[in-house]
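One structure is given here, and the rest of the page talks about it.
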Amino acid sequence: MSQYYSELSDKVTNALAEIESVQATVAYGELTIEVSKENLLQICQTLRDNQELAFDTIIDICGVDYSTYECSKSHTSRFASVYHLLSVKNNHRIRVRTWLDDDFPVVDSVVSVWNGANWFERESFDLLGILYSGHPDLRRILTDYGFIGHPLRKDFPMVGQVEMRYDANKQRVIYEPVTLEERVTIPRIIRDDNRYAERLSNKGPSSGDEDSNSQGESA
Amino acid sequence: MSEIQNYTLNFGPQHPAAHGVLRLVLELDGEVIQRADPHVGLLHRGTEKLAERRIYNQSIGYMDRLDYVSMMCNEHAYCMNIEKLLEIEVPERAQYIRVMFDEITRILNHLMWLGTHALDVGAMTMFLYCFREREDLMDAYEAVSGARMHASYYRPGGVYRDLPNSMPQYEASQWHSQSEVNEQNKNRQGSLLDFLKDFTNRFEGYVDEYETLLTDNRIWKQRTVDIGCVTADEAKDLGFTGPMIRASGVAWDLRKMEPYEVYDKIDFDIPVGTNGDSYDRYVVRVEEMRQSNRIISQCIDWLQDNPGPVMHEDHKITMPERMDMKEDMEGLIHHFKHFTEGYGVPEGEAYCAVEHPKGEFGTYIVSDGANKPYRLKIRAPGFAHLAAINFLTEGHMLADVVTVIGTLDIVFGEIDR
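So the protein sequences, as listed, match chains P and B.
For the first sequence, my numbering begins at 73 and goes up steadily by one.
For the second sequence, my numbering begins at 2 and goes up steadily by one.
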């Protein structure tokens, strides 16, 4: 599996060479490329139209907020938009990640490439506040009407901002600031686990490794 | 000339055919749909946010509640992803158990879908028939996990416990006499596998019953043929997976294309449709039930002959045996660690998908090495399918909206997450 994806990785970097030189990594039998947000739309079009690649289906778009990600320094900015693509024709997958600005995350919409991206982009906008320019109808989708904030951002509290109750005097439902207290039962712990040390140094997303990978591809 | 305005109709969220809490804003020209705008999120519980604050094993229960009619398949995608990140291999017996329960789940889901879809279109009997068979499969869930629906039976590293040697029995009461109860308990005398064997033998005949009622039924065909057509290219463009894309003639099934667990050792076929309309999707799903039945009986045969462990033996990741915990110091330490801290998953990211009854159900985990996921994204097949409802219903009549909602096989637990 990894063998196949190493070859695919070369095909992808070659096909995209005209647009930009992309970072490609293969881990857990999955191919990930990192592209710049300016060229995202053009790259997606190439990924779809190149017959050897033929990524004809969009599986998922996932926004990620890396603001509290401390383990390795592989992330360059706070937000990333991650695309999972699938080729039904050739039976392979790719993950495309693009890094976005910290305070105004905006990227080109890929709805013109795959219609299926429509709701995934709306969801990412709703939950993380990433803007997709050129999206036909960028509205909130999962949260309540009139909701304020983006819940999957790391600075959004777990218990939320407001709570809702029925007010008997006003005879309607009202919103109030939340009274619940955030409670952590099991703390978040990162152990120095030597069992995984060797594996991570071999193929993990540490910066030294990526350098050697990209050198191998350019050679 | 007077100006003719389109009529806006609010469909749901409290509509029996909305399959939960779908609010659909329809723009009608007479009785013809001009635009359908679904408003989802009424069942949004923030599963992805909750999972960021729970250790890995605590979120298994949330997975059941995503698509709450195909519980174990959701768990499967989640557990398999953690196993992928940990790079551990599941014992073969556990793989067979997972495949068997995935297929039981597929039948459960398709029966639920068939019953409610037919009920929406006007065939009451189907609903009663389908729920009769669901009962047996729910009993299998209960026997193995103690819960009829939200099982949390799959764990990273295997399954919670081996299959039971006895089935729960009905008991006599003032409403059911002993002789009645004896009749009900007749096929429950042996182990769970014997019970399921009996079910697989009967089930083929039940599917024939459903087909007798629907497949050549004139009204059923009038309501479903040529409704909500999708071509293969459109299906790919819209991100369809599972029966939705197979009915359009694309033989795409993760069980064959990216075989996981032991699907490559099992003999089964992938049904495909030709027209991609609601009727083809019905035929595909009914045939899938027959194929699932075949898979279950192959798994039963293997499981009856091959005892073995059902959980990975590395107790840093999986729970030790209860007895070890009482007698063995190390077992006690492992137990304590599991409940106070959980286990760390190495830094990295992985996407893992299973062929869920509704399509491709995937999870994407970003881990920073902690005992909780840094980011968990759930890729629900129903989300992509419902997004296409405007495309599917445009130009159809109002009554066809119900057929299209039914044929999409949507469940709001997974769409709203």
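C-beta: ideal position from N, C-alpha, C; glycine also.
Note that the structure is a prediction, hence the values are computed from the model and not measured.
Closer than 8 Å to chain P by CB, residue i
i, result
"Leu367/B", "Reading off the sequence, residue 367/B comes out as Val, not Leu. Interface residue, yes."
"Lys338/B", "no"
"Leu67/B", "no"
"Val405/B", "no"
"Leu86/B", "yes"
"Met81/B", "no"
"Arg376/B", "yes"
"Ala248/B", "no"
"Ala388/B", "yes"
Inter-residue CB distance, residue i and residue j (contact presumed, cutoff 8 Å)
i, j, result
"Ser181/P", "His156/P", "Wrong, their Cβ atoms sit about 16 Å apart, outside the cutoff."
"Thr129/P", "Ser153/P", "Between Ser153/P and Thr129/P the Cβ distance is about 18 Å, and since that is not below 8 Å, they are no contact."
"Gly343/B", "Tyr154/B", "About 19 Å; that fails the 8 Å criterion."
"Asp68/B", "Glu415/B", "4 Å"
"Met81/B", "Thr106/B", "Contact flag wrong, Cβ pair sits at about 14 Å."
"Glu361/B", "Ala354/B", "5 Å"
"Gln95/P", "Glu106/P", "4 Å"
"Pro39/B", "Ile390/B", "6 Å"
"Ala52/B", "Pro382/B", "Going by Cβ atoms, the distance from Ala52/B to Pro382/B rounds to 19 Å, so no, they are not a contact pair."
Any C-beta of chain D under 8 Å from that of residue i
i, result
"Ile246/P", "No chain D is present in this structure, whose protein chains are P and B."
Proximity test, Cβ basis, 8 Å: residue i and chain B
i, result
"Glu289/P", "Its pLDDT being 34, under 50, Glu289/P is placed unreliably by the model, and nothing is read from it."
"Asp283/P", "Confidence in Asp283/P is poor, its pLDDT being 37 and thus under 50, which makes the residue's placement unreliable; the coordinate value appears in the next sentence. No, its Cβ sits nowhere closer than 8 Å to a Cβ of chain B."
"Gly276/P", "In this prediction, Gly276/P scores a pLDDT of 46, lower than 50, which makes its location untrustworthy; the coordinate-derived value is nonetheless stated afterwards. Closer than 8 Å: yes."
"Val160/P", "yes"
"Val94/P", "no"
"Glu142/P", "yes"
"Tyr268/P", "yes"
"Gly188/P", "yes"
"Ile202/P", "no"
"Glu102/P", "yes"
"Val234/P", "no"
"Cys134/P", "yes"
"Asp265/P", "yes"
"Ile220/P", "no"
"Ile258/P", "yes"
Contact under 8 Å by Cβ, residue i with residue j
i, j, result
"Ala248/B", "Arg282/B", "yes"
"Gly363/B", "Pro347/B", "no"
"Glu395/B", "Ile34/B", "yes"
"Arg295/B", "His45/B", "no"
"Val136/P", "Arg376/B", "yes"
"Arg55/B", "Pro310/B", "no"
"Asp198/P", "Ile213/P", "yes"
"Pro229/P", "Gly201/P", "no"
"Cys300/B", "Met101/B", "yes"
"Leu86/B", "Ile318/B", "no"
"Thr90/B", "Leu399/B", "Checking the sequence, you will find Glu at residue 90/B rather than Thr. Contact: no."
"Glu49/B", "Lys378/B", "yes"
"Asp220/B", "Val160/B", "One detail in the question is off: residue 220/B reads as Ile in this sequence, not Asp. Cβ atoms of Ile220/B and Val160/B: not closer than 8 Å."
"Gly243/B", "Val273/B", "no"
"Pro194/B", "Leu164/B", "Going by the sequence as given, residue 194/B is Leu instead of Pro. Yes."
"Gly277/B", "Thr341/B", "no"
"Leu158/P", "Arg167/P", "no"
"Tyr142/B", "Arg149/B", "yes"
Contact list for residue i against chain B, beta-carbon separation under 8 Å
i, result
"Thr215/P", "Gly42 and His45"
"His156/P", "Tyr352, Gly363, Tyr365 and Arg380"
Contact set between residue i and chain B, taken where Cβ atoms lie within less than 9 Å
i, result
"Val98/P", "In chain order: nothing, as chain B lies at least about 12 Å away."
"Pro208/P", "Within 9 Å Cβ-Cβ: nothing; Pro208/P doesn't reach chain B, min ~11 Å."
"Arg167/P", "Glu350, Tyr352 and Tyr365"
"Met230/P", "Gly47, Lys50, Leu51, Glu53 and Arg54"
"Ile261/P", "Glu342, Gly343, Gly345, Ala371, Asn372 and Lys373"
Partner residues on chain B for residue i, Cβ-Cβ distance less than 7 Å
i, result
"Pro177/P", "Per Cβ cutoff of 7 Å: no residues; Pro177/P is ~15 Å from chain B at best."
"Thr129/P", "Lys237 and Gly240"
Per-residue contacts from residue i into chain P (C-beta, under 8 Å)
i, result
"Glu49/B", "Leu199 and Leu224"
"Val251/B", "Val160"
"Asp417/B", "Leu214"
"Met258/B", "Asn163"
Chain-ordered neighbours of residue i on chain P, where CB pairs are closer than 7 Å
i, result
"Phe384/B", "Trp191"
Assess contact between the stretch 119-129 of chain B and the stretch 207-219 of chain B, defined as three or more Cβ pairs (one per stretch) separated by less than 8 Å. Is contact present?
The stretch 119-129 of chain B vs the stretch 207-219 of chain B: in contact.
Does the pairing of the stretch 131-148 of chain B with the stretch 107-122 of chain B give three or more beta-carbon distances under 8 Å?
Because the criterion of three Cβ pairs below 8 Å is met, the stretch 131-148 of chain B and the stretch 107-122 of chain B touch.
Three or more C-beta pairs below 8 Å linking the stretch 220-239 of chain P and the stretch 325-340 of chain B:
In this structure the stretch 220-239 of chain P does not lie against the stretch 325-340 of chain B, because fewer than three pairs of beta carbons, one per stretch, are closer than 8 Å.
Flag this pair as touching only if the stretch 227-246 of chain B and the stretch 317-328 of chain B have three or more C-beta atom pairs under 8 Å; answer yes or no.
Flag = no, the stretch 227-246 of chain B and the stretch 317-328 of chain B do not touch.
Can at least three beta-carbon pairs, one atom from the stretch 253-267 of chain P and one from the stretch 345-361 of chain B, be found at a separation below 8 Å?
The way I'd put it, the stretch 253-267 of chain P does touch the stretch 345-361 of chain B; three or more beta-carbon pairs between them come closer than 8 Å.
Could you tell me whether the stretch 178-195 of chain P touches the stretch 117-132 of chain P, where touching means 3 or more Cβ pairs closer than 8 Å?
Yes, they touch.
Does the stretch 246-263 of chain B come close enough to the stretch 198-209 of chain B to have 3 or more Cβ pairs within less than 8 Å?
The stretch 246-263 of chain B and the stretch 198-209 of chain B do not touch, with fewer than 3 CB-CB distances between them shorter than 8 Å.
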